[in-house]
Amino acid sequence: MGVGTSRRIPGGRGRGRRHKPMAEINVTPFVDVMLVLLIIFMVAAPLLTVGVPLQLPRTAAEAVTSEPEEPLSLSIPATGPLVLMTSEVAEDQLIPTLRAVAAERQSGRIYLRADGAIPYARVMQVMGALNAAGFHDIVLVTDTGGPRMDG
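Sequential numbering of the sequence shown, starting at 6, is according to our numbering.
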């Protein structure tokens with residue numbers, strides 16, 4: 006703690022007293038606050054990297070604006086092969102077929118529909134394959150009427 010000293014002028018009885026301002030910075034509270042913040046971040050940082058296993062719920066979503074042409078949709082049924090628009094497609098033929106169809110279209114958007122009973126990993130595998138093939142505008146299609154998260 007910094008304490009300033011004052012000089013007493015002899016014979017002044019209080020009139021000529023001058024206190025000089027303290028020109029020292031007290032860094033002790035600053036160091037205390039920084040140490041507390043350091044401890045908080047050291048404790049909290051490992052907790053931020055841990056994933057939490059979740060069962061994702063159905064959500065209510067607004068409809069995407071319609072396009073002038075029929076949307077290009079890819080469906081992942083619970084059983085059976087993938088369905089592009091209305092025709093079944095083998096997985097090894099999905100990307101070449103999509104490229105051929107997308108070349109004739111104005112929009113590169115793909116509507117991905119997946120059965121709720123299939124694992125999340127399966128949907129991500131298909132989305133990853135689409136992304137790797139250059140299809141980046143992917144819209145996930147859901148049914149309306151799910152629960153809302155109103156606060």
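We put the CB at the ideal spot given by N, CA and C, even for glycine.
Since this is a predicted model, take the numbers as computed values, not measurements.
Short Cβ contact (8 Å threshold) for residue i with residue j
i: R114; j: D142; result: yes
i: D120; j: P82; result: yes
i: S92; j: Y116; result: no
Where residue i sits in the DSSP three-state scheme
i: E93; result: strand
i: V146; result: strand
i: Q60; result: Only weak support exists for where Q60 lies, its pLDDT of 37 falling under 50; the coordinates are left without a value.
i: R23; result: strand
First and last residue of the uninterrupted alpha helix (DSSP H) at residue i
i: I123; result: I123 -> no alpha helix (DSSP H), and no H or E assigned at all.
i: V32; result: Note, V32: premise wrong, no alpha helix (DSSP H); not H, not E.
i: T102; result: 99-108
Where the beta strand (DSSP E) through residue i begins and ends
i: S78; result: 77-81
Rounded Cβ spacing between residue i and residue j (contact assumed at less than 8 Å)
i: I100; j: A138; result: 5 Å
i: L103; j: F140; result: 7 Å
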